[in-house]
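Since the structure comes first, as structure tokens, the remarks are kept for the end.
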Amino acid sequence: MPTFTVRRGSVRLAARTFGSRGPHLVLIHGLASSQHIWDLVVPRLERHFRVATYDQRGHGESSRPSSGYDFATVAADLGVVLRAIGAKRAVLVGHSYGANVAIEYAVRRATGIAGVMCVDGGMGSMSEVMTWKQARQMLAPPKFAGTPIEEYLAMVKSHLPRGRWSPEVEAIVRSLVHVDARGRVRPRLSRTNHMRILRAMYDQNPKDLLARIRVPVLMSCARPRRGDDDEREFYEMKKRSTVEIQRVNPNVKIEWITSIHDMPIDRPRELADRIARFATTEARA
């Protein structure tokens with residue numbers, strides 16, 4: 040697992056590569072996440088693909104500048120990663136906000152992109168369903184800075200399906216925060232930068248981008264488990280969004296997987312299988 044740093048001006052992006060043969064896959068994490076969200080998925084792909092992951096600016100071990108969170112810039116960051124790994128042709132797989140980044144890049148620079156797979160992301164246009172004030176209130180990050188690490192881990196564990204917690208999942212969760220000498224956490228993505236990204240997402244219209252995209256697209260959307268009423272409203276909104284997406288671009292394929300939003304943690308085996316199938320059949324990377 041070679042780890043390396045990609046430089047774009049003064050910004051450093053922490054990255055990793057896995058596998059030495061086969062088509063290129065670039066896995067892109069979501070908002071307030073890290074490249075480690077893919078740690079349960081990568082082992083199921085690296086035998087047949089050359090896989091790359093990276094921490095987006097502001098996240099994980101990458102630089103945390105106070106600017107550059109617009110989609111033009113984060114898409115250019117992705118382009119630097121693609122060049123660094125020597126990928127002349129690649130499939131982009133984005134989770135949540137990472138899907139928005141993948142779509143943006145594929146529309147701006149389609150050359151060399153074999154396909155885009157959106158993992159429970161890139162579906163809706165926030166500005167069509169809420170005002171910025173509402174989005175800012177509803178989607179602002181929780182304030183947990185200063186929480187003891189064990190309390191933070193217990194909080195995250197309580198939101199996962201029964202049986203999903205493991206040492207590997209704990210390591211993923213720990214990668215999202217910095218732990219100080221007193222054992223208290225703070226998010227690696229600052230609240231200010233989080234809100235900058237949220238504003239960029241609010242201003243982006245994925246539906247318009249998907250109407251213009253010229254590469255195969257697969258949207259793997261999370262469907263809540265029976266009884267998970269907290270996710271039901273979000274699920275209904277996603278269903279409406281997918282109908283609109285297929286109206287503007289009937290070539291976009293939609294599939295549903297029973298899972299929480301963090302599918303790479305909840306359903307890593309099934310997700311890896313679907314990534315491999317898309318990359319070798321639809322995208323033909």
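Per our numbering, the sequence shown starts with residue 40, numbered consecutively. Each residue gets a CB set at the ideal place from its N, CA and C atoms; glycine is no exception. Because the structure is a prediction, the values reported are computed rather than measured.
- In this structure, the straight-line span from the alpha carbon of V81 to that of G99 is close to 18 Å.
- For F273, the enclosing alpha helix (DSSP H) stretches over residues R271 to V287.
- Under the 8 Å Cβ criterion, the segment 254-274 does not count as touching the segment 230-243, having fewer than three qualifying pairs.
- Assignment of M302 by DSSP, reduced to helix, strand and coil, places it in the helix class.
- Here DSSP, grouped into helix, strand and coil, assigns I293 to strand.
- Shortest Cα-Cα distance from I188 to any of M169, P200, Q176 and L215 involves L215.
- If one requires a minimum length of 3 residues, the beta strand (DSSP E) runs lying completely within the segment 47-75 are 50-57 and 63-67, in chain order.
- Positions of the beta strand (DSSP E) runs, each at least 3 residues long and wholly inside the segment 208-274, are given as 216-218, 224-226 and 256-262 in order along the chain.
- Cα atoms of D247 and P255: separation of roughly 16 Å, rounded to the nearest angstrom.
- Under the three-state reduction of DSSP output, M194 falls in the helix class.
- Your pair A184 and R147 does not check out as a contact, with CB atoms roughly 35 Å apart and the cut at 8 Å.
- DSSP links P181 through a beta bridge to no other residue.
- Counted as a single uninterrupted DSSP element, the beta strand (DSSP E) harbouring A129 occupies residues A129 to H134.
- Linking P200 to L79 through their CA atoms gives a straight-line distance of about 16 Å.
- For G118, the enclosing alpha helix (DSSP H) begins and ends at F110 to A123.
- E85 has its alpha-carbon roughly 8 Å from the corresponding atom of R60.
- Looking at M165, V218, D312 and E209, the one whose alpha-carbon comes closest to that of K277 is M165.
- In this structure, A71 and P180 form a Cβ contact; the two beta carbons are roughly 6 Å apart against a cut-off of 8 Å.
- Taking every protein chain shown into account, the CB of Q95 has 16 or more other CB atoms within 10 angstroms, so this residue is buried.
- Rounded to the nearest whole angstrom, the C-alpha separation of C157 and G222 is 36 Å.
- Rounded to whole angstroms, V45 and R103 show a C-alpha spacing of 14 Å.
- Within the DSSP bridge table, the entry for F43 names A54 as partners.
- The beta carbon of A123 is closer than 6 Å to those of V45 in its chain, skipping five residues each way along the sequence.
- Within the same chain, I211 and S214 come within 6 Å of H75 by CB-CB distance, once the 5 residues on both sides are set aside.
- When DSSP states are grouped into helix, strand and coil, V80 belongs to the coil group.
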